[in-house]
Amino acid sequence: MADQETLKKSPSQEKYGKVQSAIKILFLVLFVGWIFIWIMVPTNIERNKWLPQIRRETNSTYYGIEGASFLIYTSPFLLMAVLGCVYLHIAKKSNDSNMESCNVSKLDVAICKRPVLVKGPLGIVSGTELAFLLMFIALLIWSFAKLLHNGFVKITPQLAAKDGQTIFYLFLVDRYIRFLQSRHQVRLVSARVLPCEAIELNFSKDHGLTYNPTSVMFINIPSISKLQWHPFTVTSNSNLEPEKLSVVIKSGGTWTQNLYKILSNDSAIDRLSVSVEGPYGPASTDFLRYSS
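Next comes the structure, spelled out in structure tokens:
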């Protein structure tokens, strides 16, 4: 068995190696700290404590208004780039390409660049690229969840009056989500024409759906209007009628009059498509407020 040739480092190369190790550690600390900053960006601690203090310290003529943003987000990345340049310069001086340790480092780099996904939609993806992609997705989900929690969950009337435009956009998002949830149509079991130009609509429902008395349900009939949703009080009881939900509609406006005319035709109920949303109602009914 042939003896393996071992190359020894010179004192200057050992000194360069220590400097390179220190640069690696400093680079790793900066990178972890930079990621930690992005994790803390959507939190209240960074928004209410850290960022105002940094802005007070960097609010000078030299840094300007964007001094805090430059110091937090840009300067760590620039410092890591400078450290990378210094590391490559030292590696070139130490002539590590002729050393055994360089072969080991090349082996580590080759392992990191080994393909993990070959036939995926992104083509050939290495382990390092996949790790950064998963880290970016996790950071995106975390930031979006924290921004929603901090910005929209704790809405007060004072905040709505102060930031009216933001609340308006939130209202549009809410209406769009409700529109998507209410696109599916429900089964209309029967319809009955009552005296005084009133009609009763009976819908089939699941046994698990329960609601309180005086609950409200929104009804949309595309054959009359695809955009109009009208609220009506539920007249049935979920305990007494577990398979049916009923509403009574009095003909008063244009929409209700058109519905009354459609249901006056005996064959119209078979082809009438209806979408509903709800029922919504109070958690409890304070009947003592009403006079008997």
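Once you know that position 215 of the sequence shown is 215 in UniProt numbering, the rest is easy, because the numbers rise by one and skip nothing.
Glycine residues also receive a C-beta, built at the ideal position from the N, C-alpha and C atoms.
Here the structure is a predicted model, which means the values were calculated and not measured.
- request: Would you mind working out which of Arg55, Ile37 and Leu88 sits nearest Gly17, comparing C-alpha positions?
  value: Leu88
message: For residue 317, tell me which candidate among Leu240, Pro213 and Leu180 has the shortest Cα-Cα distance.
response: Only positions 1 to 292 of the chain appear in the structure, and residue 317 is not among them; the question remains open.
- request: Name the two residues that bound the continuous alpha helix (DSSP H) containing Phe77.
  value: Ser75 to Ser94
task: Consider the C-beta atom of Lys146 and the heavy atoms of the ligand MG; say whether any pair is separated by less than 7 angstroms.
output: Among the components of this structure there are no ligands whatsoever, and the ligand MG is therefore not found.
- prompt: At which residues does the alpha helix (DSSP H) containing Lys261 begin and terminate?
  reply: Thr254 to Ser264
query: Does the distance from the CB of Glu277 to the CB of Arg192 come in under 8 angstroms?
result: Not a contact, by the Cβ cut-off of 8 angstroms.
- request: Taking all protein chains shown into account, decide if Ile219 is buried (16 or more other Cβ within 10 angstroms of its Cβ) or exposed.
  value: buried
- request: Inspect the beta-carbon positions of Ser264 and Ala198 and report whether they are closer than 8 angstroms.
  value: With respect to the 8 angstroms criterion, Ser264 and Ala198 are not classified as neighbours on the basis of their beta carbons.
task: Please work out which residues of its chain come closer than 7 angstroms, Cβ to Cβ, to Trp255, disregarding the five sequence neighbours upstream and downstream, and give them in chain order.
output: Ile224, Ser225, Gln228 and His230
- prompt: From which residue to which residue does the beta strand (DSSP E) around Thr233 run?
  reply: Counted as a single uninterrupted DSSP element, the beta strand (DSSP E) harbouring Thr233 occupies residues His230 to Thr233.
Helix, strand or coil at Asn220 [DSSP, three-state]: strand
message: Run through the DSSP bridge pairs and tell me what Ile23 is partnered with.
response: Ile23 is not bridged to any residue.
message: Which residue wins for smallest C-alpha separation from Arg55, given the options Val248, Ala68, Val125 and Glu46?
response: Ala68
task: Output the distance between the C-alpha atoms of Val248 and Leu201, rounded to the nearest integer angstrom.
output: 6 angstroms
task: Locate the alpha helix (DSSP H) running through Glu57, then write down its first and last residues.
output: Leu51 to Thr58
field: Inter-residue Cα distance where the pair is Ser75 and Gln20
entry: 21 angstroms
message: I'd like to check one pair, Ser215 with Pro115: are the Cβ atoms closer than 8 angstroms?
response: No, the Cβ-Cβ distance between Pro115 and Ser215 is not below 8 angstroms.
message: Measuring only the C-alpha atoms, how far is Trp34 from His184?
response: 46 angstroms
field: Cβ neighbours of Thr210 in the same chain (closer than 6 angstroms, five flanking residues each side left out)
entry: Ser238
task: Name the one or two DSSP bridge partners that Asn202 has.
output: Ser190 and Ser246
- prompt: Nearest CA to the CA of Phe232: which residue from Pro195, Lys119 and Gly281?
  reply: Gly281
query: Since Glu277 sits in a beta bridge, which residues does DSSP pair it with?
result: Phe218
message: Taking DSSP's pairing of strands, which residues face Pro115 in a bridge?
response: In the DSSP output, where bridge partners are listed per residue, Pro115 has Ser126.
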